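Engineer:
Number of protein chains: 2
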Amino acid sequence: MGKVSVDISMSLDGFSAGPDDGFGQGLGVGGERLHSWLFGGDWSYGDEAGSAAGVDREVLDEIFTASGAHIVGRRMFDVVEGWGYQNPFQAPCFVLTHRVDDELRALAPTFTFVTDGIESALRQARAVAGDKDVSIGGGANVAQQFLRAGLVEELNLHLAPVFLGTGKRLFENLTSAPFTLKQDRVLVSPLATHLRYVVTPQAQSRQTS
Amino acid sequence: MGKVSVDISMSLDGFSAGPDDGFGQGLGVGGERLHSWLFGGDWSYGDEAGSAAGVDREVLDEIFTASGAHIVGRRMFDVVEGWGYQNPFQAPCFVLTHRVDDELRALAPTFTFVTDGIESALRQARAVAGDKDVSIGGGANVAQQFLRAGLVEELNLHLAPVFLGTGKRLFENLTSAPFTLKQDRVLVSPLATHLRYVVTPQAQSRQTS
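Protein sequences, first through last, are from chains G and L. Here my numbering is used: the first residue of the first sequence is 3, the next is one more, and so on. Here my numbering is used: the first residue of the second sequence is 3, the next is one more, and so on.
#1: Under a CB-based cut-off of 8 Å, is L:L36 close to chain G?
#2: Which bits of chain L does G:F165 rub up against, with CB to CB less than 9 Å?
#3: Any chance the region 162-176 of chain L sits against the region 104-123 of chain L, with 3 or more Cβ pairs inside 8 Å?
#4: For a contact meaning CB atoms closer than 8 Å, what does G:G16 contact in chain L?
#5: Please confirm whether L:L197 has its beta-carbon closer than 8 Å to some beta-carbon of chain G.
#6: Using a Cβ-Cβ distance cut-off of 8 Å, determine whether L:P94 contacts chain G.
#7: Is the region 3-18 of chain L touching the region 49-59 of chain G in the sense that three or more CB pairs, one from each, lie closer than 8 Å?
#8: Which one of L:A145, L:V201, L:D186 and L:D80 has the shortest CA to CA distance from L:R101?
#9: Grab me the residues of G:D77's own chain with a C-beta within less than 6 Å of its C-beta, minus the 5 sequence neighbours each way, in chain order.
#10: Would you mind telling me which residues of chain L sit closer than 7 Å to G:P192, beta carbon to beta carbon, in chain order?
#11: With a 10 Å radius around its C-beta and 16 neighbouring C-beta atoms as the bar for buried, classify L:T195 as buried or exposed.
#12: I want to see whether chain L comes within less than 8 Å of G:V6, judged by CB atoms only; does it?
#13: In chain order, which continuous runs of the beta strand (DSSP E) of length 3 or greater are located wholly inside the region 99-175 of chain G?
#14: In whole angstroms, what is the alpha-carbon distance linking G:D2 and L:M12?
#15: Do you know how far the Cα of G:S46 is from the Cα of G:A19?
#16: For a contact meaning CB atoms closer than 8 Å, what does L:T168 contact in chain G?
#17: Any chance the region 145-164 of chain L sits against the region 23-30 of chain L, with 3 or more Cβ pairs inside 8 Å?
#18: Could you please give the first and the last residue of the uninterrupted alpha helix (DSSP H) stretch that includes L:D58?
#19: Mark G:D63 as exposed unless 16 or more other C-beta atoms lie within 10 angstroms of its C-beta, in which case mark it buried.
#20: How about L:S137 and L:H72: do their beta carbons lie closer than 8 Å?
#21: For the putative contact between L:A127 and L:F148, defined by C-beta atoms under 8 Å, what is the C-beta separation to the nearest angstrom?
#22: Is L:L189 helix, strand or coil when you go by DSSP?
#23: Residue range of the beta strand (DSSP E) that G:V201 falls in?
#24: Anyone know if the C-beta pair for L:P192 and L:L14 falls short of 8 Å?
#25: Taking Cβ-Cβ distances shorter than 7 Å, what residues in chain G pair up with L:V188?
#26: Where does G:S53 fall in DSSP's three states?
#27: Please say whether L:G70 and L:V130 have beta carbons closer to each other than 8 Å?
#28: How is G:D23 classed by DSSP in three states: helix, strand or coil?
#29: In three-state terms, what does DSSP make of G:S38?
#30: Hey, L:I120 and L:L98: beta-carbon distance below 8 Å or not?
#31: Would you identify the three-state DSSP class for G:M3, choosing helix, strand or coil?
#32: The alpha helix (DSSP H) that contains L:D44, what's its start and end?
#33: Roughly how many angstroms separate the alpha carbons of G:T117 and G:R125, rounded to a whole number?
#34: Here's the rule: buried if 16 or more other CB atoms are within 10 angstroms of the residue's CB, otherwise exposed. What is G:K170?
#35: What does DSSP give as the partner residue(s) for G:D9 in the beta ladder?
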């Protein structure tokens, strides 16, 4: 069985989205700078984006290669306008949501919408991932839910050299975070520091299956 | 003239001190883990601390060698109980405070207490630092004041593989942060990722002398 990892970009001041993120506004004011490493440099919504290069490309390819399934939150799905309703990953993508209807399912047949919580999403993701990893892509709230539940085994943070000042903090609502971190690999490009941590649940049994 | 740098340790979730930091309680609950890199591993208040080793030692020596003066806040000074009223650095240390009396000055003659704000502290620090750097050691509030004022040229973050959950956030109250960051050197030990950023004030003239 593969591992469960969180893969998410964060500003140096701890935000995984800028202010006023939402439908049509992507990751909010300045938020696109969190993803410069994905696009080979500065980019803007609406422009044709470049491609990740060098170390950033290696990291991105590694995520795609290692992941047998992806889990994202509905808000993240909406923020990027459903990626044009085409799964952008190279493996099945599960979208956690409280609400889904036949219209959305018809619009976005390459996604699986899960309405009964993170453990169900993880169970379904694991079933299709087989020996590969399950990658949790965000947003902040979904990452926090998985971390709080002690379900995360690896944390991959892509730390952008950016101050957003306000927005969505990736690490909050985790005051009783029942895990320890062990520093693992660090890779560096001019556009991001790619930090990897091994996450070990503390003093509680993991319930992941 | 040397540069003005901020040198401060931060948890992965963005705290530079744990909850309930204060006199006799150091950096608060769990806060000592932020400084494991300074002491070669886990340590506790009251125990004899070990020494930084390897990459951590190099980073620490570099700070001491490069710095011709240090600036810290009064709260930080109090939290560590004035380092036993002996300046722990190898260069003069300026303590920003709103209140100082003859008794404290007599107790702590190896420190200089500055009561008229960050620009005065920086001017005095620069005067003694000569060609060397001025290092701002924290706490969070003092670092924020210097960053907001556009007076910081280099940011050295020692990122500990630790979740504190609550405490003092290093990067808040910086919503209008008028600067950009450029990723510089990254050094890695098992106890910390030492991140360096070049800070460039944005669209405002710097007033640093």
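Here a beta-carbon is modelled for each residue, glycine too, at the ideal position from N, C-alpha and C. Note that the coordinates shown come from a computational prediction; the quantities given were computed from them, not determined experimentally.
Structural biologist: Well, looking at it:
#1: no
#2: L149, F173, L176, A179, F181, T182 and L183
#3: no
#4: D15, G16, R171 and F173
#5: yes
#6: no
#7: no
#8: L:D80
#9: Note on identity: in this sequence residue 77 of chain G is Arg, with Asp being the wrong assignment. Excluding positions up to five away in sequence, the list reads G141.
#10: Q185
#11: buried
#12: no
#13: 113-116, 135-140 and 156-162
#14: Missing from the structure shown is residue 2 of chain G; chain G here goes from 3 to 211 and no further.
#15: 15 Å
#16: T177
#17: no
#18: G56 to A68
#19: exposed
#20: yes
#21: At roughly 11 Å, the Cβ-Cβ gap does not stay under 8 Å, so L:A127 and L:F148 are not in contact.
#22: strand
#23: A194 to P203
#24: no
#25: V188, V190 and T195
#26: coil
#27: yes
#28: coil
#29: helix
#30: yes
#31: coil
#32: Looking at the DSSP string, L:D44 is not in any alpha helix (DSSP H), and its letter there is neither H nor E.
#33: 13 Å
#34: buried
#35: G:N158
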